[in-house]
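Scroll down for the structure; my scribbles are underneath it.
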Amino acid sequence: MNSFINVGVIGCGTISHVYIENIVQNYKNLRLVAVSDYFPEKAKEVTEKYDFVKACSTEELLADPDISIVLNLTIPMAHYSINKQILNSNKHVYCEKPLALETDEAKELVEEANKRNLMCVSAPDTFLGSGIQTVRSLIDSGKIGKPTGFTANMTSSGHELWHPNPGFYYQKGGGPVWDMGPYYLTALIYLLGPIEEISCFATSGRPMRNILGKMQQTEVSTHYTAIIKLCNGATGTVTMSFDIWNSSLPLLEFYGTKGSITAPDPNYFSGPVQFFDGEKLKDIVDRVQEPHPAKVITMIENTESCLNEIDLMFPFEPTHNVNMRGLGVSDMAVALLNNRKSRLSSDLSLHVVEAMQAFDISASSGKPYKMTTTCVITDPMDKNWKLWEVK
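Numbering (the numbering used here), first residue to last: 6 to 396.
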């Protein structure tokens, strides 16, 4: 029996580099067989670096009977059509975010995958890393008590200051919600469960952007402020913006009846996790017998001692912010080899697509949006998992 799964890659642009490198060098249960791209020369560049990989057309890649999982790393506008082709070729899909740009299209893909008993999932897979997994462990063990609230904030001035080709981020499929929202929403849903309702306002602070020296009209909103109600009753705020130059807002925090958690950047696989022990502070203050001012002073003096950085469930990456992309594909391979469910699920990918579309629908209609999809939260990663080690 094979100890690995053969994979193919469609789309050899910038994001493909880290996926391909990790598949070839780090994820031992994956074997890269073939790559394709709309521009054949990009696929050939991969084979020049890895001569055991075949460069071919998309049709040839999908016809290869040895390939089980196909990574769709094309632009978002092409995700739906390429994903559909992959499923029609009876192969499992791992797609870069998002699964599709419309909820109905994402539903169609998931239904087709279910009919064929195939996996059809999308990035991000960062929630499988040690940062979010440690937060999951804290919440599941009851450290913060009953979750009551959260906040998620992605603040940026936009990508035109640094990105070599930033125009896409201001066209359909771009904007802060569709670009970065999947990281925050996936982490939120994975940790606290599905969304019930979304209310949102959206604006464009700078509708004209300087894109490579030319002014370009934005086609999407660039600043979103939303209130989200989860099915478990917790509520929170979400800000997604390309209009904020600088901010001290927390990236991701969770609040409960016993404490709170400051989570790491969900765009990365790891990072520091802080836990504030509200029960500890309450016990300290309750022991004070003096009048009211003494209790306030005691609370202020002891607040810092109740905030602690938590040891991660499994080790930090070997270098700061190393990019482990492909971890989700590796987990899909484990699922196939061991006849279990993947920790990435098509229902989660679909739920995130609908949530992102809900931001725009609510903002344009001026009304709350009630979600029509849901998802079941998948299992956490094994404790003491070692970097790059597949079990």
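Note that CB positions come from ideal geometry on N, CA and C, so glycine has one too.
All of these numbers come straight from a predicted model, not from anything done at the bench.
Any non-hydrogen atom of the ligand MN closer than 7 angstroms to residue i Cβ
i, result
"CYS380", "This structure simply doesn't include the ligand MN, nor any ligand for that matter."
Residue i, buried or exposed, once every other Cβ within 10 Å from all chains shown has been counted against 16
i, result
"LYS96", "buried"
"PHE57", "exposed"
"ASN88", "buried"
"GLY134", "buried"
"LYS148", "buried"
"ARG141", "buried"
"MET220", "exposed"
"VAL115", "buried"
"ASN77", "buried"
"THR139", "buried"
"LEU166", "exposed"
"ASP291", "exposed"
"THR208", "exposed"
"GLU53", "exposed"
"GLU309", "exposed"
"ALA68", "exposed"
"PRO2", "The first residue shown for the chain is 6 and the last is 396, placing residue 2 beyond what the model contains."
"ILE302", "exposed"
"PRO103", "buried"
"ASN7", "exposed"
"PRO296", "exposed"
"ASP270", "buried"
"GLU258", "buried"
"ASP145", "exposed"
Beta-ladder partner(s) of residue i, from DSSP
i, result
"VAL98", "VAL75, CYS125"
"ARG36", "ASN11"
"ASP384", "BP columns for ASP384 are empty, so no partner."
"LEU312", "PHE281"
"SER204", "ILE232"
"ASN215", "MET220"
"LEU242", "The sequence given here has Thr at residue 242, not Leu. Beta-bridge pairing links THR242 to THR156, ILE232."
"SER265", "TYR260, PHE281"
"SER41", "ILE15"
"ALA363", "The partner list for ALA363 (beta bridge, DSSP) is empty, contrary to what the question assumes."
"LYS59", "ALA39"
"LYS177", "Answer by DSSP bridge pairing: none, since LYS177 is not bridged."
"TYR374", "ILE203"
Through-space distance from residue j to residue i, alpha-carbon basis
i, j, result
"SER204", "LYS234", "9 angstroms"
"ALA363", "VAL293", "49 angstroms"
"PRO181", "SER161", "9 angstroms"
"TYR374", "HIS356", "13 angstroms"
"SER265", "GLU284", "11 angstroms"
"SER94", "ARG121", "10 angstroms"
"GLY186", "LEU342", "31 angstroms"
"VAL51", "MET337", "23 angstroms"
"CYS380", "LEU193", "13 angstroms"
"ASN272", "ILE20", "14 angstroms"
"PRO212", "GLN176", "12 angstroms"
"ILE91", "MET376", "28 angstroms"
"GLY16", "GLU26", "14 angstroms"
"PHE206", "THR378", "22 angstroms"
"LEU256", "ASN158", "5 angstroms"
"MET361", "PHE132", "18 angstroms"
"GLU306", "LYS300", "10 angstroms"
"GLY371", "SER226", "15 angstroms"
"ASP218", "MET318", "In the sequence on display, residue 218 carries Gly and not Asp. About 46 angstroms."
"GLY276", "GLU101", "22 angstroms"
"ALA368", "ASN31", "43 angstroms"
"PHE9", "ILE216", "43 angstroms"
"PRO298", "PHE274", "44 angstroms"
"VAL14", "LYS388", "30 angstroms"
"GLY18", "PRO169", "12 angstroms"
"PHE280", "PRO70", "49 angstroms"
"ASP109", "GLU359", "9 angstroms"
"ILE366", "ASP316", "40 angstroms"
"PRO323", "ARG330", "Residue confidence is low: PRO323 scores 48 on pLDDT, short of 50, so the model does not pin down where it sits. Its coordinate-derived value is still stated next. Taking the straight line joining both Cα atoms gives about 15 angstroms."
"ALA48", "TYR174", "24 angstroms"
"ASP130", "ASN328", "11 angstroms"
"HIS22", "LYS112", "29 angstroms"
Cβ separation of residue i and residue j, assumed to be a contact under 8 angstroms, to the nearest whole Å
i, j, result
"VAL29", "ILE72", "Not really, about 15 angstroms apart at Cβ, beyond 8 angstroms."
"TYR99", "GLY333", "6 angstroms"
"SER127", "SER354", "4 angstroms"
"TYR260", "PHE155", "6 angstroms"
"SER335", "LEU35", "6 angstroms"
"THR223", "LYS151", "No, THR223 and LYS151 are not in contact; Cβ-Cβ is about 41 angstroms, not under 8 angstroms."
"GLY136", "VAL278", "6 angstroms"
"MET397", "LEU106", "The question about residue 397 has no answer here: the residues shown for the chain are numbered 6 through 396."
"LEU190", "ALA239", "Not confirmed; about 14 angstroms, so no contact."
How about the segment 167 to 187 and the segment 239 to 250: do they share at least three Cβ pairs that are nearer than 8 angstroms? yes
Can we say the segment 62 to 79 touches the segment 35 to 51, given the rule of at least three CB pairs closer than 8 angstroms? yes
Say whether the segment 371 to 388 touches the segment 347 to 354, bearing in mind that this needs 3 or more beta-carbon pairs closer than 8 angstroms, one atom from each stretch. yes
Using 8 angstroms as the Cβ pair cut-off and three pairs as the minimum, do the segment 247 to 260 and the segment 161 to 174 touch? yes
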